[in-house]
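Start counting the sequence shown at 126; every next residue gets the next number (the working numbering). Positions of the beta carbon are idealized from the N, C-alpha and C atoms, including for glycine. These notes concern the structure reproduced below.
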Amino acid sequence: MSSENELSEREKEILRLVATGASNKEIAQQLYISPNTVKVHLRNIFAKIGVVSRTEATLYAIKIGLIPESVREEIQINPISAEEITAPANAQDSRRAFSTPLKGRGLVVLLVVILIGIGFFRMSRGNQEVINPATSTQRWSQLADLPEGIGGGVTERYEGFLYLFGGEKDGKLSGDVLAYDITQNTWRERAAKPTLVSGVQAGVLGEKIYLPGGRLADNTITNRVEIYDPRNNVWDITTPLPVPLAGYGLAVFEGRLYLFGGWDGSSYRDEVWVFDPDGQQWLVQQKMPSARAFLTAASLGNKIYLFGGETADGVIDETIVFYPNRSMEDPAAWEVKAPLPQGRKNLRAAVLADGAYVAGGVNQIGQPVTDILRFNETAGVWEVLEPPPLLISFDTALAASQTRLHFLGGTVGMRTVAYHQAYQAIYTVVLPAVSR
């Protein structure tokens with residue numbers, strides 16, 4: 126007798142709800158049973174179908190046709206060549222379970238991107254919703270440490286490398302540039318940044334990495350814009366900022382740099398500066414809803430997200446969205462989204478296929494904020510990731526590569542650390558095609 130036939134109708138219903146991403150609490154509410162009863166059913170279901178995780182159970186539910194068409198189409202399924210496929214260790218058994226040919230069906234190798242959103246439970250916070258994911262320690266891994274401790278560095282990815290620029294070593298500004306080989310899991314030193322600054326961000330245009338402005342060691346603000354050429358390992362300069370700025374938000378959108386707000390040494394700014402590499406000019410495209418600095422920005426789809434920061438009234442929890450292609454006079458160029466769980470400034474942002482992530486920073490009274498968050502764009506809510514094995518500090522650098530987030534260095538107590546931790550945000554597994 127097959128595993129499918131061994132499942133009761135109630136067990137099939139629970140498995141279907143698991144596959145749609147419902148939490149134990151949500152399943153209990155829908156079926157009018159207790160969460161403990163759901164747990165008992167899940168243990169029995171997992172034993173019958175031979176899986177050990179919700180991800181494997183979801184794949185099994187897809188295989189036997191429990192997922193409705195409307196839900197199945199929301200799962201990202203794309204053709205992929207065999208050599209491009211990777212999978213987590215615990216996906217091996219499920220891969221074998223699905224390797225038996227389906228009668229009357231041709232099999233096509235597909236990539237299913239399993240987003241971490243499965244198994245979230247919700248907790249309310251005023252008018253805002255924050256979601257906590259189920260724990261899975263296999264998502265965290267330790268990678269090659271930095272050559273030495275550094276905090277407050279800025280990162281950018283170019284081809285197969287993550288670049289870490291500057292930061293501070295034990296309270297002193299650094300111009301070091303380090304390149305992390307994602308494939309080899311090794312670090313190498315590159316040409317140092319000519320101007321030592323803090324409060325700077327980076328963006329890739331073409332084959333160059335741009336780092337505008339920043340705060341110098343004497344606390345003055347510079348308008349110098351330096352460019353790093355990773356292919357030739359050399360530095361250059363380009364058109365300076367119209368005003369000296371540090372602590373701005375920076376994002377790349379359609380081949381241009383967008384710089385938001387910042388601190389000029391005496392006041393918060395509200396301009397949206399745009400740099401066109403062809404014309405080598407900085408132009409004001411828009412004004413922000415309010416002046417702010419020490420925020421972070423992330424380009425996602427047809428919009429740019431701005432998270433947190435500080436205004437003249439203090440640290441803010443705002444999440445706002447800017448649409449660069451909308452008219453300057455159009456009020457719809459700006460939208461307000463769900464605020465952060467708490468105000469934070471000097472935070473970092475990174476983007477993967479499943480959304481924008483933020484980490485680090487400090488709150489209104491200067492305390493480090495250690496939560497790592499993902500903005501669920503579809504649901505319009507913030508999700509809290511499980512904590513890493515080692516503490517993420519307020520000035521840990523954050524970078525994204527393919528399916529992982531990298532957390533680099535930071536300051537713990539009075540000491541800079543060399544930690545390099547990675548979070549597997551997206552898994553890829555092999556799945557046979559299911560005819561409709």
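In this structure, the straight-line span from the alpha carbon of Arg540 to that of Gly338 is close to 26 Å. Between the C-alpha atoms of Glu181 and Leu498 there is a straight-line separation of about 25 Å. Secondary structure within the stretch 433-504: the beta strand (DSSP E) runs of 3 or more consecutive residues, fully enclosed, are 444-447, 459-462, 473-477, 480-484, 498-501 (chain order). In this structure, Gly433 places its C-beta atom within 7 Å of the C-beta atom of Leu472.
A straight-line Cα-Cα distance of about 16 Å links Gly190 and Gly146. For Phe171, the enclosing alpha helix (DSSP H) covers residues 160-174. Here Tyr430 carries a strand assignment [DSSP, helix/strand/coil]. The secondary-structure analysis by DSSP pairs Glu134 with nothing; it has no beta-bridge partner.
Rounded to whole angstroms, the separation of the alpha carbons of Glu460 and Asn169 is 46 Å. Put simply, the backbone Cα of Leu321 is about 31 Å away from that of Pro449.
Between Gly534 and Gly175, the CB-CB gap reaches or exceeds 7 Å. Within the stretch 282-315, the beta strand (DSSP E) runs of at least 3 residues that lie entirely inside it are, in chain order, 286-290, 302-306, 311-315. For Ala153, the three-state secondary structure derived from DSSP is helix. Taking the CA atoms as reference points, Gln527 sits about 14 Å from Arg264. Closest by C-alpha distance to Phe447, out of Phe286, Pro456, Arg349, is Pro456. DSSP places Tyr544 inside the beta strand (DSSP E), whose first and last residues are 540-549. In this structure Asp306 is exposed. Its beta-carbon is surrounded by fewer than 16 other beta-carbon atoms within 10 angstroms. Following the DSSP letters along the chain, one finds Arg381 inside the beta strand (DSSP E) bounded by residues 381-385. Between Thr436 and Arg417, the C-beta spacing is below 7 Å. Leaving aside the five residues that flank Ala304 on each side, the residues in its chain whose CB is nearer than 6 Å to its CB run, in chain order, Phe286, Tyr288, Arg313, Arg315. As summarised for the stretch 321-369, the continuous beta strand (DSSP E) elements at least 3 residues long and confined to that stretch are 328-330, 333-340, 346-354, 359-363, given in chain order. Spanning the alpha carbons of Ser518 and Asp403 requires a straight line of approximately 38 Å. In the DSSP assignment, Lys412 falls within the beta strand (DSSP E) that extends over 406-417. A distance below 8 Å between beta-carbons, with the five flanking residues on each side excluded, links Gly468 to the following residues of its chain, in chain order: Gly433, Gly439, Val440, Ile441, Asp442, Asn488, Gln489.
The beta carbon of Asp401 is closer than 6 Å to those of Arg381 in its chain, skipping five residues each way along the sequence. Looking at the backbone, the Cα of Leu336 and that of Arg356 are separated by about 16 Å.
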